[in-house]
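In terms of the numbering used here, the sequence shown has 351 at position 336, counting the first letter as 1, and numbering is strictly consecutive. For each residue, glycine too, the CB sits at the ideal point set by N, CA and C.
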Amino acid sequence: MTTQIEQTNLAGDGELPLPDLEVNPCLPDPDVDTSEVPFRMVDGIHIPAERYYDQEFTNLENRKLWMHTWQWAVRVEDVQLPGDYMEYKVAEESVMVVRVDEETIKVFHNVCPHRATQLALDCGSFSGKQIVCPFHGWRWELDGTQSYLYARNGFIPESIEPSKINLKEVRSEIRYGFVWINFDDDAPSFDEFIGSMDRHLEPMWMDRMRVRWWKYLDLPANWKVATEAFIEAYHVMQAHPELAFGAVGDDYNADMLAYSPKGMGHFNVGAQESAPDVVGTSMESLLNPPVKHLRFGEYFLEQNRILFEGTAGAYVTEREEFISDRVRNQGLPDEELVPAFFEEYFAYAQDAGIPLPPPDPEASSYGFVFPNMVFLGLTGNLLLYRVRPIGSDPNMCRFEVFALQIPVEAEGEQAPARAEGPLEVEDLPFVLRQDVENIARQQAGYRSSAFHETTMSPRFEKMIYGMQNEIDRYLAR
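Okay, structure coming up:
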């Protein structure tokens, strides 16, 4: 059970009660000493600007965050056949995810133990099911054991013992259709890491989805700047006027996003009333559309139309828009529009052989998995964002967008989608473009001599606090 803190009600009047500081995202964890963390989080209002551009802080993140947290590297279907591989890079690290056999995927540090040559670039398949160094021809089986070393008699035997020249494996787990990695063998298990978010992710059937398209941009911004653009709804009225439907001022409600422990976040109406790990989101805001002059059914269908056009069919696909059009033309009262949509949608999916997940009040329609995975889902499909630091430059990141969908079962397994990029901001569909085009401007602003810290809303931007406080927990270790 959680207890209400005896402080100013950061959630506002009429809100769900804030739990104690252990899961309150707006304030640092009192059980973790962050006094040695540079530019640390101190209160629930400000974030020091240096966290977004300081080289020392970036180096600390690269060592203590990215080398010790779970993060998803590839989709399982990216490496379908034995010998298939895909490279994953984050900060200064590169790993290769390798399909060993039908049942096994392994992840290795992407480096030859001889003289450091990288063994895999991008994606492909290892010829003859052998991993071969392109420099001196050292070879390994797909499971990482050394199979050939040219002129072995020229080396000191102790220096080429298997324990020294087998490929170094990286800890990995397969969950929700993703291959997750952790460079730290002593870090908490994936189950401990994901915690209560599992009950919101598992019902979505992400493991049955397949990537329809995958686009990326290399942005002149810190990875946190790009991530934070997608974990608050406060920006919608200004940045996305189409989605605000003409609302001004308090006519648009940005109090839409809940928070969970460990820097995680999710939004799903059905589970809010009983979920003890949700912080500071009013029931009224959960059960009503954010635009006050629209009714819920009207808002739902119109939002679908705009997101179909504005995300290139990622968040809302042709399937949902087809059903939305049918429902719009039936002349139903507003309260019947959403039930009619889902009734027709599930009937359509059954006829088409699309195995949709059954309705589940726990399934999340929006979520953030720390440190860098943001998703928006409608039953059977997903719009997914991932942001990663590039090298050690605090002012650069890779921003990726994925469109996933549960395919028609009879179509069988198709060739996996590959990344398109690096693209320019202008290449994105308009809703995504509206989000991304402010990121570089914000990064530049953090360097201004007139700017020292953010002034944030603990009500509307609570998930940003959750992420930043969790970063400090890692940096303090």
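- Taking each of I454, D450, A418, V52 in turn and checking the Cα distance to K230, the smallest one comes out for A418.
- Counting only the Cα atoms, Q318 lies some 15 Å from L398.
- The Cβ atoms of Q449 and V240 do not sit closer than 8 Å to each other.
- Judged by DSSP secondary structure, L309 falls outside any alpha helix (DSSP H); it is assigned neither H nor E.
- Counting of Cβ neighbours within 10 angstroms places F466 among the exposed residues, the total staying below 16.
- The way I'd put it, the stretch 333–350 does touch the stretch 305–321; three or more beta-carbon pairs between them come closer than 8 Å.
- For L393, the uninterrupted beta strand (DSSP E) run begins and ends at 388–393, by DSSP.
- Secondary structure remark: continuous beta strand (DSSP E) runs of at least 3 residues inside the stretch 92–139, in chain order: 99–105, 108–116, 119–124.
- For A88, the enclosing beta strand (DSSP E) starts and ends at 86–90.
- CA-to-CA, the gap between S142 and H124 works out to about 19 Å.
- Secondary structure at F385: coil, using DSSP grouped into helix, strand and coil.
- If you keep only unbroken alpha helix (DSSP H) runs of at least 4 residues inside the stretch 227–257, you get 238–243, 251–254.
- For Y461, the uninterrupted alpha helix (DSSP H) segment begins and ends at 454–461.
- Selection W81, I62, V263 evaluated against Y489 yields W81 as nearest (Cα-Cα).
- In the assembly as shown, Y100 is a buried residue. Its beta-carbon has 16 or more other beta-carbons within 10 Å.
- Here Q429 is not near G395, since their CB atoms are 8 Å or more apart.
- Within the same chain, and ignoring the five residues on either side of F54 in sequence, the residues whose Cβ sits closer than 7 Å to its Cβ are P63, E65, R66, D69, F72.
- Between the beta-carbon of H281 and that of Y381 there is about 7 Å, and that keeps the pair under the 8 Å contact cut.
- Looking at the backbone, the Cα of P372 and that of E424 are separated by about 13 Å.
- Secondary structure note for E156: its beta strand (DSSP E) is the uninterrupted segment 154–156.
- Beyond the five residues adjoining it in sequence on each side, N410 comes within less than 8 Å, by CB distance, of Y68, P235, A236, N237, Q458 in the same chain, given in chain order.
- In this model, I338 and F357 are separated by some 9 Å (Cα to Cα).
- Assigned with DSSP and collapsed to three states, Q145 falls in strand.
- Less than 8 Å divides the Cβ of M111 from the Cβ of E102.
- Cβ-Cβ distances below 8 Å link E156 to K144, Q145, I146, S162 in the same chain, with the five nearest sequence neighbours on each side left out; the list follows chain order.
- With fewer than 16 other Cβ atoms from the protein chains shown falling within 10 Å of its own Cβ, E439 counts as exposed.
- Around the beta carbon of N387, 16 or more other beta carbons sit within 10 angstroms, so the residue counts as buried.
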